[in-house]
Every structure is written in C-alpha cells, then in structure tokens.
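One structure is given below, encoded as structure tokens.
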Amino acid sequence: YYLIQPSCQFDATIFFKRCEESSLNYDTAYCPELSNDCSLNVGSEFPWTDSTGKRYTNLQINHETAQKEFSQKICINISGLRYKTLLSTLNRFPNTLLGSSVRRKKFYDEDCNEYFFDRNRPSFDAILHFYQSGGRLRRPINVPLDVFAEEIKFFDLGDEVMEKFRDDEGFIKEQEKPLPTKEVQRKLWLLFEYPESSPLARSIALLSLSVIVVSIVIFCLETLPTFKNQPSNSTSTEKVNASPSGQYTAISNTFNEPFFLVETICIVWFTFELAMRFGSCPNKLTYFKNMMNFIDLVAIIPYFVTLVALLTNDANDSSNVSSGHTTSLAILRVIKLVRVFRIFKLSRHSKGLQILGMTLRASMRELGLLMFFLLIGVTLFASAVYFAEQDVPNSTFQSIPDGMWWAVITFTTVGYGDMRPIGLWGKLVGGLCAIAGVLTIALPVPVIVSNFNYFYHRETDTEIQHHLQMLSSTVSYSQDLHEEDKNLPLPKKIDESDAGIDDVKNQKSNFRLQFTVTCNDLASSTLNSLNLESPIVEMTRGRIDSASRESKSSTTYVENNF
1 YYLIQPSCQF DATIFFKRCE ESSLNYDTAY CPELSNDCSL NVGSEFPWTD
51 STGKRYTNLQ INHETAQKEF SQKICINISG LRYKTLLSTL NRFPNTLLGS
101 SVRRKKFYDE DCNEYFFDRN RPSFDAILHF YQSGGRLRRP INVPLDVFAE
151 EIKFFDLGDE VMEKFRDDEG FIKEQEKPLP TKEVQRKLWL LFEYPESSPL
201 ARSIALLSLS VIVVSIVIFC LETLPTFKNQ PSNSTSTEKV NASPSGQYTA
251 ISNTFNEPFF LVETICIVWF TFELAMRFGS CPNKLTYFKN MMNFIDLVAI
301 IPYFVTLVAL LTNDANDSSN VSSGHTTSLA ILRVIKLVRV FRIFKLSRHS
351 KGLQILGMTL RASMRELGLL MFFLLIGVTL FASAVYFAEQ DVPNSTFQSI
401 PDGMWWAVIT FTTVGYGDMR PIGLWGKLVG GLCAIAGVLT IALPVPVIVS
451 NFNYFYHRET DTEIQHHLQM LSSTVSYSQD LHEEDKNLPL PKKIDESDAG
501 IDDVKNQKSN FRLQFTVTCN DLASSTLNSL NLESPIVEMT RGRIDSASRE
551 SKSSTTYVEN NF
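Going by UniProt numbering, the first residue of the sequence shown is number 1, and it counts up by one from there.
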C-alpha cells in the first residue's frame, strides 16, 4: 500500500475533478463518510479504474488527524532562544520557509525535537508575529534595516511583504528610467548619463568635471586687474578706434587671447556633451524638463551670443558706433554673467549639491514663510528706528528705506556697522530687532533641516536600498521542491494501521485525505495516466514499480501540489 498525502490545501472535489479530466471513471458505491469532510456526494468512492475494470479502492478519511493538527505545537530554536507556536499558525502561509513542512524539515533537530535556526534573535519576534497576526510585519527598532531584510529573505516571506516593508520604512520607489531602444543610442546614453555604468563612463564624467572646474576658474581669473589691462578686455575694447580696421584688430586680439582659446575648448566639450545627450536620449520632448539639461544649455549660450555679437558688429555706421558699442558691451556683460551658472553643472556629479537642491525645492513653503516674516519685521523695525532717531543729531536714518537696509542687516544678525542707532530709543529698537530676527529665522529652520536629513539619508543609503531591491527582486521559492530538497532523506516508513493516526508531521489543511492504494500490476500505468509532473511523483512511480516487482506492500509519504 502507498499512502499519498498532498501538502497543499485542497478538497477532494478538485482531486476527483482532475481524475475525471484524466479519463478515470468512478461511481458512487460506498464511502459515505466523505460527506463529513469534503464537498462530495454521499457515497463517493475512491474511483481509479482502467479499461479492464480493475480499480483501486479503500479511500480513508481521518478525522483525528485534523483535530490533532489544529492543537499540535512545534518548537523553534533561534540561536538558543526557544519559541513555541501552533502548527496551524505557520500553515497560514504555506509558501514561506516555516509554513512549508518540506523546506523546514532540513532544520529539524531530532535529538531536541525542535527546529534550529542560527539567525538573528530580535528579528524573529517580528517574523513570528507575522504568522500570528495574519501578515502584519513591523521591524523591531533595535534591528538594522539590512539585517531585517536578510531575515525576510531567509524565511521567504515573499516579494509582496518585502515591498510593503520597504514602503513602511520610507523608501521611495525609484521611477523607471527608460533607455533608448536602439543599441548605439543606449550605449551613448549610458556613457554620458550614467557614470557608474562602465569605467569609460566614469572617465568621461571625470573629464567633464575637470572641464567645468577649468571653465569656472577661467571665468574668475579674467577679472583680475593683471589681465584686465589686456587689449581684448571689454574695458579696453571701448577705447579701440571705431574704424573697421580697429574693430578687426580688436576681434583678432579677442580670438587670440589665451582665456578665449581655453573658453572655446571648454565650450566645444560642453556642446559635444549636450549634443550626445540630446541625440541619444529616449524622449526628446521631456529632455529639457530636467533642470540639469537646462543648465547645460544655459552654460553655452553666453559664448555663442558673444561670438555672434563680435562678428556681426556694424563697422560702417560710424555715427552710431559709440552709443551702439556701449549698449552692446552692457548686454555682453550681462550675458557673460550667465556663465557663472556653469557652477551648477557640478551638481550632475555631486550628490551633495543634488541633496541641497532637493531640500530647497521641498522647503519652498517654509522659505516663503520666512521671507514673509522677514518682510513684516523689516518694515516694522525700519519705521520704528526712523521715528526713534528722527530728532537725534547726526542720525544716519534719513528715511524709512534707509532704515530698511539697517533692519535687514540687523534682522539677519549680520551687522555691518555702516548704519547704527545713536539715541536711547533707537538702540532699544535695534535690540528688539536683533532678538526678533533670531526668533523668526529659527522657526522654519528645523523643518528645512528635517527635509535635508530626509534627502541625505535617502541618497546616501543607496547601498542598503540597492541591497533591498536585490532581495525583493529575487524569485521566491516555489511550492515545488527545490534542488537542495531533492537530496533530503525520505520520511520514515510506518505501518498502514498507524498511518492515519500517528502521522501528523506535514499537515497543511484542516482535514487530510489519506489514499491507501493496493500495489498491483496496474499501479504504475494508472499513476502515469494522471500526468502529474513533479520530482515526488517521479519518485512515487519508481517506488510503485519497485513494489510491484517485489510483490509486497510498503508505505511511503508523498508531499506535493497536484
């Protein structure tokens, strides 16, 4: 006889339906006890028959094992700390490590009659509560994120539990970053947009960072008095003769200037980098919605505007040369000022600047509130100090706007000292202004600091976050046996008479169907007709064939999902 014990929770209706689909016939001869446990008609028979009319009978339903399973307790040892719980509690989640009798079997210690796990103790309190509460999981406060994530992975609570855990811990789901579909575009996009994608991409990022630094240094050095005396400078350019030959000389000197040559090299790189990014980006419409890409465009515009202004200057209109040249120089100075925004290109390569930008963007409401308080305070104290110092001789507060400058400097606790109250009432107003400034500025600061800490920890803990993503993306254990479980020893054989009473090891449902099959020459062919694909079924076929050849009965346990 072979005792087949399904490990998944199902009723006999499903099993007999599968038998019916496999062209197996059955009738309703006897076995009325089925109506107590399954949704079959009274008298349904265990009905395996073949074309010759031979069949396997003796279907048994055991009521005692169902009750025993509900009250059975198991002991779990976590690094020396023992936990006891009901088997039915673990069976609530049969796809997990503790909920699967086959998978937890390899941790069973026969000498101590317990399951031993050399795992983190504090984490298991939450793991066990997950089973007891029906799926609620909370990380203990004294357990690090990565450690608890490892425990979730080890006990295989599932991908959904891991995702919910990440959400509860405040991890923001990273939006999927689309990649170009074409191979060449994808490689270029990864090369210029993701420095961590390859060593060559890191080298390009380092080169870009060096060019940005050189460009900013050149922008600062060309304003030194030593270099301002060069004829190519805008100040000396104003003195150049307005004749065509004089203009061509000035333009020629500008193009030959070392600073201009270095600036040209930097602009060539910036333009090439921008063209490569724009040409390989997956979505052209949303490319410039990214602030970093917009800064890249703004960084190169001043150079080309200046170049066009120099090349298209009208040398023939001598009457308007002076006023026109002065106007163009003023415009060029403003445009050159835009070059300072190149410093924001560093944020593409600096996590710190990115965190600062995200903090300011998230704190716009608090910053607006601070500016509103500052405006009220400045207006109030500027008016107060003006009237307090109005009758004081040699007072520097000649009007309320003059007092506003002093109020801003005092309100922000800077204190230049260029304007100060002299009289008693003016000094009293100044003291109140300084105290009010400290209190006003301190109010929104904690919120801004909190935002900074949030973004800082979110960005700097990328290793843990990527680790959790790796854990959550792993394929969960299937309900079938794993490769490592195939080498487990077979369960111990027991007597047929005791099988329905004593065997409560691997129950997973409120009732258990025990099929006792007489081994004969039709056993193997009948089992093959079921078309059940599983390592355990293959093992069962082999054992049935072996038992049939030896012409004797034996009992084994088979656990698998039909």
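Glycine is no exception: its CB is placed at the ideal position from the N, C-alpha and C atoms.
Is residue i helix, strand or coil by DSSP?
i    : result
N394 : coil
F116 : strand
L224 : coil
R420 : coil
K182 : coil
Y83  : strand
N91  : coil
D111 : coil
R216 : Here the sequence assigns Ile to residue 216, which means Arg is not the residue at that position. Three-state result, I216: helix.
E389 : coil
L188 : helix
I441 : helix
P195 : helix
L209 : helix
V378 : helix
K177 : coil
R138 : coil
N283 : coil
L367 : helix
G158 : coil
L337 : helix
G430 : helix
V414 : coil
L200 : helix
Over what stretch of residues does the beta strand (DSSP E) that includes residue i continue unbroken?
i    : result
K105 : Taken as a continuous stretch (DSSP letters only), K105 belongs to no beta strand (DSSP E), as it is neither H nor E.
E169 : Element bounds for E169: n/a, residue is neither H nor E.
K345 : No beta strand (DSSP E) contains K345, which DSSP labels as neither H nor E.
With DSSP as the reference, identify every bridge partner of residue i, one or two as the case may be.
i    : result
Y131 : DSSP lists no partner for Y131.
The alpha helix (DSSP H) with residue i in it runs from where to where?
i    : result
N293 : 291-311
K351 : 351-362
K153 : 145-154
C266 : 258-280
I78  : Careful: I78 lies outside any alpha helix (DSSP H), inside the beta strand (DSSP E) at 73-78.
P401 : 400-411
So, under 8 Å CB-CB, residue i and residue j are touching, yes? Tell me the CB distance rounded to an integer number of Å.
i    : j    : result
R98  : L86  : One detail in the question is off: residue 98 reads as Leu in this sequence, not Arg. About 12 Å; that fails the 8 Å criterion.
Y416 : I409 : 5 Å
T412 : G437 : 6 Å
F259 : E222 : 5 Å
I218 : E263 : 6 Å
F117 : I76  : 7 Å
A382 : F341 : 33 Å between Cβ atoms; not a contact.
G426 : E459 : About 48 Å separates the two Cβ atoms, so there is no contact after all.
I295 : F344 : 5 Å
Mind checking whether the beta-carbon of residue i lies closer than 6 Å to any heavy atom of the ligand ZN?
i    : result
R202 : In the structure on display, the ligand ZN does not appear, and there are no ligands present to speak of.
Point to revise | Stretch-stretch touch, CB-based, cutoff 8 Å, three pairs: the stretch 175-186 with the stretch 202-209 | key: The stretch 175-186 makes no contact with the stretch 202-209, as fewer than three CB pairs between them are under 8 Å.
Check your understanding: Is the stretch 357-377 close to the stretch 437-444, with three or more CB pairs under 8 Å?
Key -> Yes: at least three Cβ pairs fall under 8 Å.
Point to revise | Segment contact flag, the stretch 451-459 with the stretch 352-364, C-beta cutoff 8 Å, min 3 pairs | key: Yes, they touch.
Review point. Are the stretch 347-355 and the stretch 374-384 in contact at 8 Å, needing three or more beta carbon pairs?
Key: The stretch 347-355 is not in contact with the stretch 374-384.
Exercise for review: Assess, as a yes-or-no matter, whether the stretch 137-146 is touched by the stretch 105-124 under the definition of 3 or more beta carbon pairs within less than 8 Å.
Suggested key: In short, these stretches touch, since the Cβ pair count reaches three.
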